[in-house]
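Take 266 as the starting number for the sequence shown in our numbering and just add one per residue.
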Amino acid sequence: MPIFKMKQCCIYEIFIYIRGKYFQMDFIHKHTLRWIVPGAILLSIFASCKKDEQQQAKEVTINLPATLSLTYGEEKDIDIPTALTNQSNVNFSLAFTGNDNVQIDQNTKLHDKLAQAITVDRVRGKIHVNSNLLYPNAAKSTINGQQLPSSYKVTLMVNTTDQSLTGKQTVDVTIAPTKFNIKGLDNSADIPFAYVLYSDAGATFELDATGLPTTNTAWSLDKKGADSAIILTGNKIQFKANAGDPKKKAEQAYDLVSSFTKDGFEIATRKLRVIFIPQIKFFYGTYYPQYDLTILTNQVYIALSNAYVSAAPTLYPENYTSSFSITAIEKDGKAFDNKEGIFTLNTNTGAITVLKNTTLSEGSYKLTIKAVTTVGLEFSATMTLNMSKLEE
């Protein structure tokens, strides 16, 4: 920096300092060091003055949130204070050097992905984060074994053109895996579940990736040691005929975790619980499990107009019994309107009651009864009441 551009105080200080030092030297040193000493002194004082000028830059507090959390697939913004964005000479930039530059694939590293997914929108005054262009934190690649950091450290750098203002702040951005649906199940539950009868061989569950990426993606399944009973083909989980209890008599549950990966990193996951249960029997009659013997009593003959109460139906195993309801009534093959409420049902036991009446006519009255089990499965059974007048 030329001396004539320096502040007046600096020039005066230089002059006084050099004069004092110069005239204190003896004659020999005056001639030997006449250029070296003043030059060194000048450089020292120039550096000191320049440092004083640099220290005048104001350190600004940015006041961003310390953290930002997203679920994969979401896009969110971080507001930059308007006190900064309203100043046209303020510049903004992002740095990702707080993160290890993990190798994503052969041609891409983490810093490249971060620069694509997290950007500054000067016009809107926001930092925009698009999680679709990144991956959930702490995911480990199934391709190269690289693991992502537990959070993405994003640093906003602020400075003015004349260097009168400077500042920076780091935000920890975290992305969690999303959940996909399983077709045909209640996906509002934290863990979707299904009950499967042993008689339903080859039960299949389809994983639904609607809304998720389709490029460089793959499905995987943690079978929890049940490799011989389960097959994953594409997005379908299929249970083999040998799934469950070998004797098909006891309940057996499978707890599975399926995952959806992009570029080798898990972006979505879902737990699934499948419970295999014995064949449920539902009918009006008696069942002898020790003999596997069924006796039907679903056809009875009663006197017309008399009151009648049937025996409760059999639902086996009994621990699945929940509730019963009438779904249809027919008389001689045609729909019957039970508007007078002559036929009623005990919803807890399934026993049918016919009220004493003078309205019904002779014929066959077939009632269809629905049983809803404790596991949500539904079964139907019929009871036919053949009514005729008593012979005197």
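From the three backbone atoms N, C-alpha and C, an ideal C-beta is built for every residue, glycine too.
Being a predicted model, the structure only gives us computed values, none of them experimental.
Can the beta-carbon of residue i be found less than 8 Å from the beta-carbon of residue j?
i: Phe-541; j: Ile-502; result: no
i: Val-436; j: Ile-343; result: yes
i: Val-637; j: Ser-587; result: yes
i: Ile-447; j: Asp-473; result: yes
i: Tyr-630; j: Phe-601; result: yes
i: Val-419; j: Phe-357; result: no
i: Gln-434; j: Leu-349; result: no
i: Ala-382; j: Val-394; result: yes
i: Ala-404; j: Leu-413; result: yes
i: Ser-416; j: Leu-335; result: no
i: Leu-450; j: Lys-488; result: no
i: Lys-596; j: Gly-628; result: yes
i: Gly-529; j: Ile-408; result: yes
i: Tyr-460; j: Val-640; result: yes
i: Tyr-585; j: Ala-441; result: no
i: Lys-378; j: Ile-369; result: yes
i: Gly-432; j: Ile-327; result: yes
Note the first and the last residue of the continuous beta strand (DSSP E) segment covering residue i.
i: Thr-551; result: 550 to 553
i: Leu-561; result: 558 to 561
i: Ala-593; result: 588 to 596
i: Gln-503; result: 501 to 504
i: Glu-340; result: 340 to 344
i: Gly-432; result: 430 to 441
i: Val-565; result: 564 to 568
i: Val-355; result: 355 to 360
i: Phe-608; result: 608 to 610
i: Tyr-581; result: 579 to 581
Run through DSSP, which three-state label would residue i get?
i: Leu-379; result: helix
i: Leu-398; result: helix
i: Asn-446; result: strand
i: Tyr-460; result: strand
i: Ala-491; result: coil
i: Glu-531; result: strand
i: Asn-424; result: strand
i: Arg-387; result: coil
i: Glu-656; result: coil
i: Asn-364; result: coil
i: Tyr-417; result: strand
i: Tyr-287; result: Summary for Tyr-287: the model assigns pLDDT 48, below 50, so the residue's position carries little reliability; its value from the coordinates is reported in the next sentence. In this structure, Tyr-287 counts as helix in the three-state DSSP scheme.
i: Glu-516; result: coil
i: Glu-324; result: strand
i: Gly-641; result: coil
Please return the same chain residues whose Cβ sits closer than 7 Å to the Cβ of residue i, not counting the five positions on each side in sequence.
i: Ile-607; result: Val-619, Leu-620, Asn-622, Thr-624, Leu-625
i: Leu-497; result: Trp-484, Leu-486
i: Phe-445; result: Leu-472, Asp-473, Ala-474, Leu-477, Phe-525, Ala-533, Arg-535
In chain order, what residues of the same chain have a beta carbon less than 8 Å from the beta carbon of residue i, not counting five sequence neighbours either side?
i: Lys-546; result: Tyr-552, Thr-559, Thr-579, Leu-580, Tyr-581
i: Trp-300; result: With a pLDDT of only 46 at Trp-300, under 50, the local geometry of the prediction cannot be trusted, and no value is derived from it.
i: Asp-427; result: Asn-354
i: Ser-645; result: Phe-547, Thr-592, Thr-633, Ile-634, Lys-635, Ala-636
i: Gln-544; result: Leu-462, Tyr-463, Ser-464, Lys-513
i: Gly-550; result: Thr-559, Ile-560, Leu-561, Thr-562, Asn-563, Pro-578, Thr-579
i: Phe-292; result: With a pLDDT of 42 at Phe-292, under the threshold of 50, the modelled position of this residue cannot be trusted, and the question is left open.
Enumerate in chain order the residues of its own chain whose CB-to-CB distance from residue i is below 6 Å, with the five nearest sequence positions on each side excluded.
i: Ile-456; result: Lys-536, Arg-538
i: Phe-458; result: Arg-538
i: Lys-654; result: Leu-569
i: Lys-575; result: Before going further, note that residue 575 is Ser rather than Lys in the sequence given. For Ser-575, where only same-chain residues beyond five positions count, the Cβ hits under 6 Å are Ala-616, Ile-617.
For the alpha helix (DSSP H) containing residue i, name the first residue and the last one.
i: Ala-348; result: 347 to 350
In terms of DSSP beta bridges, what is residue i paired with?
i: Glu-471; result: Lys-501
i: Ala-646; result: Ile-634
i: Tyr-573; result: Val-619
i: Gly-628; result: Met-652
i: Thr-336; result: Ala-441
i: Gln-371; result: Bridge partners of Gln-371: none, in fact.
i: Val-522; result: Asp-487, Lys-536
i: Ile-542; result: Leu-462
i: Ile-392; result: Ile-343, Val-385
i: Thr-614; result: Thr-614 is not bridged to any residue.
i: Ile-496; result: Gln-503
i: Ala-600; result: Glu-595
i: Thr-482; result: Lys-527
i: Gln-412; result: Lys-405
Using a Cβ-Cβ cut-off of 8 Å, state whether residue i counts as contacting chain C.
i: Leu-359; result: The structure shown contains no chain C; it holds only a single protein chain.
I want to check one thing, is the minimum distance from the CB of residue i to the heavy atoms of the ligand GTP below 7 Å?
i: Asn-446; result: Of the ligands one can find in the structure shown there are none, so the ligand GTP has no counterpart to examine.
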